[in-house]
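Residue numbers (the numbering used here): 3 to 456. Quick reminder that beta carbons are idealized off the backbone N, C-alpha and C, glycines included.
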């Protein structure tokens with residue numbers, strides 16, 4: 003009788019795993035490949051990433067709402083979508099609202115607020131059909147307090163009294179710190195990561211708080227993921243250490259660049275942009291890529307939106323020009339393209355007004371299409387020109403050459419043209435007019451030009 007009962011339990015578990023109604027595989031079974039692995043996953047250097055706040059992208063705040071916006075995202079020029087955490091959210095010690103998506107209640111299930119595994123598969127397939135890869139957020143440092151893993155107390159870090167603790171050095175009361183000295187917990191975490199690659203056909207991960215987790219775990223996990231047949235994965239670390247790349251990540255965050263850019267728009271010298279750029283790339287291995295942005299979910303929720311940080315919509319656009327075109331993987335966060343002024347929550351449903359500032363949406367589309375049109379922006383040689391108020395640089399690859407000049411001030415500023423460029427002829431990419439550089443290039447407040455060598 004016991005053997006018969008076990009057999010039927012196993013049979014039901016396998017059936018549920020395969021039909022998409024229940025995304026939880028039997029704990030002892032290997033996940034199976036669903037669909038066909040996406041063959042056009044971009045190299046890290048070619049990634050143009052759009053971060054999706056599922057709760058905000060549509061009024062319904064679910065996967066279908068994301069599917070309905072895929073044409074918008076594609077039209078802007080993106081080839082990679084990052085979905086913020088897709089898992090059920092913990093309720094115990096909740097941080098309020100609908101709870102933080104970074105408080106994971108079950109690594110093997112879909113948040114019912116968003117849909118189910120079947121709908122996630124639909125989303126991934128729809129993105130692939132439009133030429134976009136899909137990565138999901140992975141929260142490996144901690145879980146919700148009502149995660150079933152809490153039954154295994156040894157899987158968590160405890161204090162001297164044996165109490166499970168929150169992540170040290172934080173005030174994240176809604177989550178519990180995982181113990182990476184526990185081999186079984188590591189295996190369960192890797193199993194869960196592999197599950198989504200296979201069962202949902204995703205194309206990689208944006209891994210949260212990477213530097214909080216031992217680097218040798220990431221190497222163990224990534225080595226395992228790389229063994230999945232016929233797979234090319236995008237692996238982004240929310241981290242800032244060179245060892246992120248040693249562990250196997252291809253990209254990590256350009257925190258220094260972002261923080262310096264904010265200081266420049268508050269009066270700092272524009273030349274520091276390029277010093278920071280060079281220092282970031284000197285600190286990482288050849289071929290590694292930095293992710294650059296003017297906002298993300300944390301910044302727009304807790305600090306301010308780009309319109310607030312940089313001072314205006316025109317200022318925010320000019321800052322984006324610098325981040326997009328300086329040899330890194332660009333990131334745009336949902337709502338940024340419409341120039342949203344007020345903060346964007348992700349603990350609640352806070353739908354974006356897509357009718358706001360259509361001219362700004364059009365300009366982001368123009369900029370990203372220009373970026374995608376030439377390898378010079380991604381792979382070309384960057385040469386900068388020192389100036390306090392205008393960020394000026396060229397990107398050159400073979401016969402292709404571009405000059406980018408951005409006024410980072412709220413008043414008109416001029417750049418004394420480098421003597422080697424005086425009388426050189428260019429095409430303004432905005433209107434295809436011809437421009438011969440004189441001894442001075444004058445730009446209105448927060449204006450920018452991107453010139454192509456004629």
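In this structure, residue 42 lies away from residue 291, with their beta-carbon atoms at least 8 Å apart. Annotation for residue 175: 95, 97 and 168 place their beta carbon closer than 8 Å to its own, counting only its chain and skipping 5 residues before and after.
Secondary structure note for residue 67: its alpha helix (DSSP H) is the uninterrupted segment 65 to 70. DSSP lists 427 as the beta-bridge partner residues of residue 438. 8 Å or more divides the Cβ of residue 126 from the Cβ of residue 183. DSSP, reduced to helix, strand and coil, places residue 297 outside both helices and strands of the structure shown, so it counts as coil. Residue range 274 to 284 is occupied by the alpha helix (DSSP H) that includes residue 279. Within the DSSP secondary-structure output, residue 139 pairs in a beta bridge with 208. Looking at the backbone, the Cα of residue 421 and that of residue 109 are separated by about 59 Å. DSSP places residue 235 in the coil class of the three-state scheme, outside both helix and strand.
By alpha-carbon distance to residue 133, the top candidate from 102, 79, 170 and 121 is 79.
In the three-state reduction of the DSSP assignment, residue 311 falls in the helix class, which pools H, G and I.
Cβ atoms of residue 429 and residue 456 come within 8 Å of each other, at about 5 Å.
Taking C-beta separations shorter than 7 Å and ignoring five residues to either side along the sequence, the partners of residue 356 in its chain run 340, following chain order.
Judged by DSSP in its simplified three-state form, residue 417 adopts strand. Spanning the alpha carbons of residue 155 and residue 68 requires a straight line of approximately 37 Å.
Counting of Cβ neighbours within 10 angstroms places residue 266 among the buried residues, the total reaching 16 or more. If you compare the alpha carbons of 361, 251, 306 and 131 with that of residue 288, the shortest gap goes to 251.
In the displayed model, residue 383 falls within a strand according to three-state DSSP.
DSSP, read as helix, strand or coil, puts residue 325 in helix. In this structure, residue 196 lies near residue 230, with their beta-carbon atoms less than 8 Å apart. By the CB criterion at 8 Å, residue 146 and residue 136 fall outside the cutoff. An exposed status is given to residue 383, since fewer than 16 other beta-carbon atoms sit within 10 Å of its beta-carbon. Secondary structure at residue 348: coil, using DSSP grouped into helix, strand and coil. The continuous alpha helix (DSSP H) containing residue 199 extends over residues 185 to 201.
With contact defined as three or more Cβ pairs closer than 8 Å, the stretch 366 to 374 and the stretch 83 to 90 are not in contact. Secondary structure of residue 36 (DSSP, three-state): coil. With a contact defined as Cβ atoms closer than 8 Å, residue 331 and residue 51 qualify at about 6 Å.
Taking 3 residues as the shortest admissible run, the stretch 91 to 148 contains the following complete beta strand (DSSP E) segments, listed from N- to C-terminal end: 135 to 141 and 144 to 146.
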